[in-house]
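Q: First residue of the sequence shown? That's 0 in numbering that gives the first Met the number 0, and the numbers climb one at a time after it. By construction, the Cβ of each residue, glycine as well, lies at the ideal position given by its N, Cα and C atoms. Mind looking over this structure? Questions follow.
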Amino acid sequence: MKGRVLSVASECVPLVKTGGLADVVGALPAALAAEGWEMRVLLPAYRSLRARAKGWPEVWREPGLWGGEGRVLLGQVDGIEVMLLDAPHLYDREGGPYAGPQGEWGDNPQRFAALSWVAAALAREGAAGWKPDVLHAHDWQAGFAPAYLAYHGSGGCRSVLTIHNIAFQGWAEGGLLADLRLPGEAFHSGALEYYGGLSSLKAGLVTADRITTVSPRYAEELMRPEFGMGLQGVIAARAAAGDVCGILNGVDLSVWSPEGEAENPYSAKDPKGKDAARAALCAVFGLEVPGPLAIVVSRLTDQKGIDLLPAVVPDFVAAGGGLVVLGSGDPGLEAAMKDLAARFPGRVAVRIGYDEAMSHRLFQGADAVLVPSRFEPCGLTQMYGLRYGALPVVAATGGLADTVIGATPASLSAGVATGFVFHPTDALAFGQALRQLVALYADRRAWTRARKAAMAQPVGWETSAAAYAALYAGLVG
Ligand code: ADP
Ligand code: GLC
């Protein structure tokens with residue numbers, strides 16, 4: 000064993016998920032175990048998780064946790080060593096991790112400060128004979144954890160902060176500084192102060208020993224104002240000191256492999272099951288699609304460029320294409336997707352909601368997956384698409400640009416094209432990429448070759464787990 004890491008996050012598959020953060024936090028422990036690092040995950044014990052922790056031993060008790068007591072319970076879920084922070088006054092509520100029936104919880108700064116506070120205490124002192132060498136904080140929800148180590152003592156524990164999405168910054172009123180247990184002398188723009196207030200993400204960015212983000216391209220983009228969203232200067236300064244790097248996310252191949260699907264399994268060598276999966280998918284949604292069958296599996300938000308679909312789908316359908324959208328989010332975008340399905344019956348279908356099992360069937364049956372994001376720190380669905388031979392059609396940004404090799408005359412003749420990459424993220428470029436998709440689909444030999452190249456891409460965790468392991472070793476050694 001090379002060392003111990005306490006991973007601190009608000010989501011983790013299979014316990015709680017709203018997006019890719021959960022996939023990554025859930026996959027890292029096994030990926031790092033293969034590299035000799037023992038990782039535990041600290042999560043809030045949301046209402047949905049409390050029953051799971053029945054009978055788990057208590058390994059830490061924290062009094063005075065913003066209006067109540069916190070207890071850390073240790074257990075195992077699907078091979079992951081999980082530490083649940085049970086603090087009912089903060090987490091035992093109806094709703095999701097960040098919001099209830101009335102919207103976002105007003106005390107989110109305190110709720111996630113509490114998670115970070117306990118993380119730092121565990122890191123500093125260790126619990127039940129287990130003391131981490133590195134605290135690995137994910138996104139704004141854990142951003143205060145490196146700050147607590149920096150300002151209240153680290154006990155020798157080093158820290159890493161990973162940015163999964165800089166659009167979420169954990170903003171809080173400046174007046175909360177003392178309540179959030181942060182030192183007054185650090186309230187200046189070179190440290191904690193952020194446009195007159197506080198940001199837990201900025202707090203982490205200025206105090207963590209190292210910063211990573213989930214793709215190399217996003218690491219570069221973050222230093223520019225159009226992507227850095229106010230934090231570009233902070234990141235550029237840390238990068239100049241050599242403290243920032245991009246490590247691409249991987250895919251958990253034990254969950255995402257066409258060979259491992261119960262129904263219609265297939266592989267690059269033997270893709271027959273894919274035809275059966277496509278037929279089954281068309282039957283479920285009442286579709287008949289002569290050209291490429293595309294899918295979207297996504298949060299329906301502005302980030303994801305979903306608003307471009309109504310502008311490009313009519314031509315795509317006219318050219319023979321079909322589309323299935325699985326997603327939920329912005330009510331206006333949900334309505335726009337339903338409207339598309341109503342306009343193109345037999346060609347476009349929409350399922351509003353979150354459905355993990357259905358998402359597998361979509362990737363199995365699809366010829367292409369569309370990811371027209373305006374920004375995308377990494378993105379996982381384009382990698383599922385590669386793995387399942389659903390060629391990604393992606394905007395040239397963040398991890399999308401790092402994982403897909405766009406079809407061009409040169410890449411096609413070299414046999415390395417794995418999808419379609421367009422720039423900028425607008426309807427003109429997107430529509431052009433869809434025309435390319437239709438044309439390649441019609442050329443069966445070229446299509447088969449590109450699909451093989453896509454399915455051969457190494458999208459697992461190996462390379463990236465080694466990169467995290469090297470980062471930890473550099474900090475600890
Ligand atoms: P983000 O985290 O920004 O939403 P990612 O591509 O990193 O984007 O991860 C999204 C994850 O959520 C993927 O695992 C994707 O399959 C899943 N997902 C998104 N929407 C749905 C849905 N409606 N049903 C099932 N899975 C979904
Ligand atoms: C964020 C990003 C997404 C990334 C995921 C996991 O949700 O939006 O691009 O894949 O985190 O790192």
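Strictly by DSSP, which residues pair up with proline 391?
A: BP columns for proline 391 point to Val368.
Q: For alanine 432, which residues of its own chain have a beta-carbon under 6 Å away from its beta-carbon, when the five flanking residues on both sides are left out?
A: Only Val392, Phe419, Phe421 meet the Cβ criterion.
Q: Taking any heavy atom of ligand 2 as the mark, which residues have a C-beta closer than 7 Å to it, listed down the chain?
A: Those residues are Gly18, Gly19, Leu20, Asp22, Val23, His163, Asn164, Val213, Asn248, Gln302, Glu375, Pro376, Cys377, Gly378, Leu379, Gly397, Gly398, given in chain order.
Q: Report the option in Tyr440, Pro376, Thr447, Ala30 whose CA atom is closest to the CA atom of proline 215.
A: Closest option to proline 215, Cα to Cα, is Pro376.
Q: Secondary structure at tyrosine 97, three-state DSSP: helix, strand or coil?
A: Correct three-state label for tyrosine 97: coil.
Q: Please state whether DSSP places isoleucine 79 in a helix, a strand or coil.
A: In the structure shown, isoleucine 79 sits in a strand (DSSP, three-state: E or B).
Q: So, glutamine 435 versus serine 372, is the Cβ gap smaller than 8 Å?
A: No.
Q: Tell me where the alpha helix (DSSP H) around methionine 336 begins and ends.
A: Methionine 336 -> alpha helix (DSSP H) spans 330 to 342.
Q: Can you say whether histidine 187 is buried or exposed, counting buried as having 16 or more other CB atoms within 10 angstroms of its CB?
A: It is exposed - the Cβ of histidine 187 has fewer than 16 other Cβ atoms within 10 Å.
Q: For threonine 211, which residues does DSSP report across the bridge?
A: Looking at the DSSP assignment, threonine 211 forms a beta bridge with Thr161, Cys244.
Q: Hey, isoleucine 165 and methionine 222: beta-carbon distance below 8 Å or not?
A: Result no, Cβ atoms of isoleucine 165 and methionine 222 do not sit closer than 8 Å.
Q: In the DSSP assignment, what are the bridge partners of arginine 3?
A: DSSP, once it has assigned bridges, lists Glu37 as partnering arginine 3.
Q: Buried or exposed: lysine 271, going by 16 or more other Cβ atoms within 10 Å of its Cβ?
A: When all chains shown are included, lysine 271 counts as exposed.
Q: Assign leucine 89 to one of three DSSP states: helix, strand, or coil.
A: Helix at leucine 89.
Q: Is glutamate 225 helix, strand or coil when you go by DSSP?
A: Glutamate 225: helix per DSSP, three-state reduction.
Q: Rounded to the nearest angstrom, what separates glycine 388 and glycine 196 at their Cα positions?
A: Whole-angstrom Cα-Cα distance: 47 Å.
Q: For leucine 299, count neighbouring C-beta atoms within 10 Å of its own C-beta (all shown protein chains included) and say buried if the count is 16 or more, exposed if not.
A: Buried.
Q: Would you please state the rounded distance, in angstroms, between the beta carbons of isoleucine 24 and glycine 69? I believe it to be under 8 Å.
A: First, the amino acid is wrong: residue 24 is valine here, not isoleucine. Not really, about 20 Å apart at Cβ, beyond 8 Å.
Q: Assuming contact is defined by CB atoms lying nearer than 8 Å, are leucine 27 and serine 6 in contact in what I supplied?
A: Cβ distance < 8 Å, so leucine 27 and serine 6 count as in contact.
Q: Tell me where the beta strand (DSSP E) around arginine 60 begins and ends.
A: Taken as a continuous stretch (DSSP letters only), the beta strand (DSSP E) holding arginine 60 covers 57 to 61.
Q: Would you mind reading off the limits of the alpha helix (DSSP H) that contains valine 151?
A: For clarity, residue 151 is histidine in the given sequence; the question names valine instead. Per DSSP, histidine 151 belongs to the alpha helix (DSSP H) from 143 to 151.
Q: On the CB-based measure, 16 or more other CB atoms within 10 Å of its CB, does glutamate 184 come out buried or exposed?
A: By the 10 Å Cβ count, glutamate 184 comes out exposed.
Q: Say yes only if the C-beta of serine 297 is nearer than 7 Å to one or more non-hydrogen atoms of ligand 1, and no if none qualify.
A: Checking every heavy atom of ligand 1 against the Cβ of serine 297, one is found closer than 7 Å.
Q: Buried or exposed: where does glycine 290 fall if 16 or more other Cβ atoms within 10 Å of its Cβ makes it buried?
A: Counting Cβ neighbours within 10 Å, glycine 290 comes out buried, since at least 16 surround it.
Q: Is the beta carbon of leucine 390 closer than 8 Å to that of valine 417?
A: First, the amino acid is wrong: residue 417 is threonine here, not valine. In this structure, leucine 390 lies closer than 8 Å to threonine 417 by Cβ.
Q: Skipping 5 residues on each side, what residues in its chain have a beta carbon closer than 6 Å to that of serine 297?
A: So the list reads Lys303, Gly326, once near-sequence residues are dropped.
Q: Flag this pair as touching only if the region 357 to 367 and the region 331 to 340 have three or more C-beta atom pairs under 8 Å; answer yes or no.
A: Judged by Cβ distances under 8 Å, the region 357 to 367 makes no contact with the region 331 to 340, as fewer than three pairs qualify.
Q: Nearest CA to the CA of alanine 465: which residue from Phe226, Ala30, Ile305?
A: For alanine 465, the nearest C-alpha among the options comes from Ala30.
Q: Tell me which same chain residues have a C-beta within less than 6 Å of the C-beta of aspartate 251, skipping the five on either side of it?
A: Excluding residues within five positions, the ones whose Cβ falls inside 6 Å are Ala26.
Q: For ligand 1, I want to know if serine 115 counts as a neighbour, meaning its beta carbon is within less than 7 Å of at least one of the ligand's heavy atoms.
A: Not so, every heavy atom of ligand 1 lies at least 7 Å from the Cβ.
Q: Taking 8 Å as the cut-off, decide whether the C-beta atoms of valine 370 and glycine 378 are in contact.
A: Yes, the Cβ-Cβ distance between valine 370 and glycine 378 is below 8 Å.
Q: Report yes if the C-beta distance between threonine 17 and proline 87 is below 8 Å; otherwise report no.
A: In this structure, proline 87 does not lie closer than 8 Å to threonine 17 by Cβ.
Q: Measure how close the beta-carbons of alanine 207 and proline 145 come, nearest whole angstrom, since I'm counting them as under 8 Å.
A: Rounded, the Cβ-Cβ distance is 4 Å, consistent with contact.
Q: Counting only the same chain and skipping the five closest in sequence on each side, list residues whose C-beta sits under 8 Å from that of phenylalanine 167.
A: The residues are Asp138, Trp139, Leu200.
Q: Between the region 49 to 56 and the region 101 to 108, do at least 3 Cβ pairs fall closer than 8 Å?
A: At 8 Å Cβ cutoff, the stretches do not touch.
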